[in-house]
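Each protein sequence line maps, in turn, to chains Y and P. First residue of the first sequence? That's 1 in the numbering used here, and the numbers climb one at a time after it. First residue of the second sequence? That's 222 in the numbering used here, and the numbers climb one at a time after it. Here's the structure we're looking at; comments come further down.
2 protein chains.
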Amino acid sequence: MKLDRIDIRQTASATDLVFEALRKAIIEGELAEGEHLRQDHIAQMFNTSRIPVREALQRLEQDGLVTTQRFKGTVVAALSVSEIEEIFEFRALLESEMIRLAVPSLTREQLEAARANLQAFAETTDPGSWGEANRNFHYGLYEAADRPYHLQIIRSSLDRVDRYLRAQLTLTDGAQRANREHMAIFEACRKGDAAEAADLTRAHILDAGRSLLSILEKRRG
Amino acid sequence: MKLDRIDIRQTASATDLVFEALRKAIIEGELAEGEHLRQDHIAQMFNTSRIPVREALQRLEQDGLVTTQRFKGTVVAALSVSEIEEIFEFRALLESEMIRLAVPSLTREQLEAARANLQAFAETTDPGSWGEANRNFHYGLYEAADRPYHLQIIRSSLDRVDRYLRAQLTLTDGAQRANREHMAIFEACRKGDAAEAADLTRAHILDAGRSLLSILEKRRG
DNA sequence: CAATTGTATATTGGATCCAATCTGAGTTAA
DNA sequence: TTAACTCAGATTGGATCCAATATACAATTG
Numbered sequence: 001m002k003l004d005r006i007d008i009r010q011t012a013s014a015t016d017l018v019f020e021a022l023r024k025a026i027i028e029g030e031l032a033e034g035e036h037l038r039q040d041h042i043a044q045m046f047n048t049s050r051i052p053v054r055e056a057l058q059r060l061e062q063d064g065l066v067t068t069q070r071f072k073g074t075v076v077a078a079l080s081v082s083e084i085e086e087i088f089e090f091r092a093l094l095e096s097e098m099i100r101l102a103v104p105s106l107t108r109e110q111l112e113a114a115r116a117n118l119q120a121f122a123e124t125t126d127p128g129s130w131g132e133a134n135r136n137f138h139y140g141l142y143e144a145a146d147r148p149y150h151l152q153i154i155r156s157s158l159d160r161v162d163r164y165l166r167a168q169l170t171l172t173d174g175a176q177r178a179n180r181e182h183m184a185i186f187e188a189c190r191k192g193d194a195a196e197a198a199d200l201t202r203a204h205i206l207d208a209g210r211s212l213l214s215i216l217e218k219r220r221g
Numbered sequence: 222m223k224l225d226r227i228d229i230r231q232t233a234s235a236t237d238l239v240f241e242a243l244r245k246a247i248i249e250g251e252l253a254e255g256e257h258l259r260q261d262h263i264a265q266m267f268n269t270s271r272i273p274v275r276e277a278l279q280r281l282e283q284d285g286l287v288t289t290q291r292f293k294g295t296v297v298a299a300l301s302v303s304e305i306e307e308i309f310e311f312r313a314l315l316e317s318e319m320i321r322l323a324v325p326s327l328t329r330e331q332l333e334a335a336r337a338n339l340q341a342f343a344e345t346t347d348p349g350s351w352g353e354a355n356r357n358f359h360y361g362l363y364e365a366a367d368r369p370y371h372l373q374i375i376r377s378s379l380d381r382v383d384r385y386l387r388a389q390l391t392l393t394d395g396a397q398r399a400n401r402e403h404m405a406i407f408e409a410c411r412k413g414d415a416a417e418a419a420d421l422t423r424a425h426i427l428d429a430g431r432s433l434l435s436i437l438e439k440r441r442g
């Protein structure tokens, strides 16, 4: 009997699993900023030794999601107001350029997918799902730009501020406004107006940033 | 007797040291792309166990400088032509914006430092030092923009292509051209013309990218 | 009582050991 | 001949153990 070779190799290491789980927890705000991440504790949660945990923490630190002090440990990174401000400015620059590059190449299928994602965002009532719906809409459009490195950096910059952004969507009328802005961006894309899509995307991100900063200033004094 | 408190704590872990050394070796092109990085071998070089080596490799992978396959090991990352092309495009976008933000805030001291770095680059004959002199000139100017996150991403994007860029500076008249372009950028900064400095920086980076790509296409066929 | 010192415990950094997987040379069978 | 199989060595992934440091709290001293 001749069997096809089936690859049953495990593709994910323990390090990968721990990294992804912690990354998700930080991005979604389940781990509060400043919270201590004890190696032993995390290792027990994942039923592994501390080795994969430490490797995952190294990766997270490289992504700016945690900060480590030698012999003291690792805590969830806390961003200052000016750091958050800067990252929104960065995202506005990069994502507006990305949509400009994407618009001329958008296929009918990609536009249809964007419309569906737009709809999904509008219909999402669970605040915990807004973040993902938001990403789906924007990143779906960016795919057409065919710039994987740009997209990777865009993802990484959103990762750093996503937990704050989710708070902004939840605590204010941010989700409604985001939805209106998404519709305008989509319409510009549909028309093939790259410059307008870029301008709207830029304004969309800077708007969210300003709204978020006003919340933070109230909260932090 | 009252002594000032002196902090004799070791600030650098073995992981830090290994990471920095490997990063430098990759950026400077001492490790060829595709070269296998054996944990055992590196551990012996640094007189440590494999644990800090593995942690350093995790960081390097997160920065895109190496790629790892489970159970197979880690190799120095090799970029495709289109990846290199994209990163130069990314750098042109980001660094032109950075200099635009920097110019209005440039102090006399920063301009003087830039002039000195310009001179240093021009007088550097050792190809191995061009990379650093180049960074000193550009990043010195960017400091004035007071955007640490932008600068971090700029560094990281240059890290990925620096070894190719150094080859381009060495193998062609790249260094001479770079020097002329640096002088023009400096002059625009001195005049306070942010838009021109941005345009020149954009052209400077795209020029180097095009020159590099033509070399690569010859080499790789 | 306040400030300092000693000490026990928790936690991290690193070394060593074992298990899982890959690789490649030699062997066998169609 | 050539493709598949076997097995030993090399290499990576992970667990366990030990050392170095931090932290909290009791003890001590002025």
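Here a beta-carbon is modelled for each residue, glycine too, at the ideal position from N, C-alpha and C. These figures come from a predicted structure and were not determined experimentally.
Item	Value
Rounded straight-line distance, which links the Cα of Val76(Y) to that of Glu330(P)	37 Å
Start-end ranges of the alpha helix (DSSP H) lying completely within the segment 347-427 of chain P, minimum 4 residues	348-363, 369-392, 395-412
Beta carbon proximity, Gly70(Y) to chain P, threshold 9 Å	Checking the sequence, you will find Arg at residue 70(Y) rather than Gly. So, interface residue.
Contact with chain Y by Leu437(P), beta-carbon distance below 9 Å	no
Neighbour flag for Phe137(Y) against chain P, beta carbons, 9 Å	no
C-beta neighbour in chain Y for Pro369(P), strict 9 Å	yes
Proximal residues to Leu392(P) (C-beta, below 7 Å), its chain only, five neighbours per side dropped	Ile436
Alpha-carbon spacing of Ser129(Y) relative to Glu97(Y), whole angstroms	26 Å
Closest Cα partner of Glu282(P) within the set Ala418(P), Asp380(P), Asn400(P), Met266(P)	Asp380(P)
Amino acids of chain Y, ordered along the chain, whose beta-carbon sits closer than 8 Å to that of Glu307(P)	Arg147, Pro148, Tyr149, His150
Buried versus exposed call for Glu187(Y) [16 or more other C-beta atoms within 10 Å across all chains shown]	exposed
Between the CA atoms of Ala313(P) and Ile426(P) - distance to the nearest angstrom	6 Å
Residue-level contact to chain Y via CB, Ser326(P), 9 Å cutoff	no
Neighbouring residues, chain Y, relative to Gln283(P) (Cβ below 7 Å)	Arg59, Gln62, Asp63
Residue-chain proximity (Ala56(Y), chain P), Cβ-Cβ < 9 Å	yes
Burial state of Ala365(P) (16 or more Cβ within 10 Å)	buried
Cβ neighbour criterion (16 or more within 10 Å) applied to Val302(P)	exposed
is_contact[Phe186(Y), chain P] using C-beta, thresh 9 Å	no
Neighbour flag for Ile426(P) against chain Y, beta carbons, 9 Å	no
Three-way DSSP call (helix, strand, coil) for Gly294(P) in this model	strand
Proximity of Thr345(P) and Arg280(P) at Cβ, strictly below 9 Å	no
With 16 other Cβ atoms within 10 Å as the buried cut-off, status of Ile6(Y)	With a pLDDT of only 48 at Ile6(Y), under 50, the local geometry of the prediction cannot be trusted, and the value read off the model is given with reservation. Exposed, because fewer than 16 other Cβ atoms sit within 10 Å of the Cβ of Ile6(Y).
Close-in-space but distant-in-sequence residues of the same chain around Ile154(Y) (CB under 8 Å, 5 per side omitted)	Arg91, Leu94, Glu95, Met98, Tyr139, Tyr142
Neighbour flag for Leu421(P) against chain Y, beta carbons, 9 Å	no
Glu20(Y), enclosing alpha helix (DSSP H) - first and last residue	14-27
Own chain residues within Cβ distance below 6 Å of Ala120(Y), not counting five before or after	Ala133
Minimum Cβ-Cβ distance from Thr393(P) to chain Y less than 9 Å	no
Short CB-CB distance (under 9 Å) between Ile272(P) and chain Y	yes
Any chain Y beta carbon closer than 9 Å to Ile374(P)	yes
Chain P contact residues for Leu93(Y), given Cβ-Cβ distances below 7 Å	Glu318
Whole-Å CB distance - Leu118(Y) paired with Cys189(Y), under 8 Å assumed	So it is not a contact: roughly 10 Å between Cβ atoms.
Asp261(P): first and last residue of the uninterrupted alpha helix (DSSP H) it sits in	260-267
Between the CA atoms of His150(Y) and Ala194(Y) - distance to the nearest angstrom	17 Å
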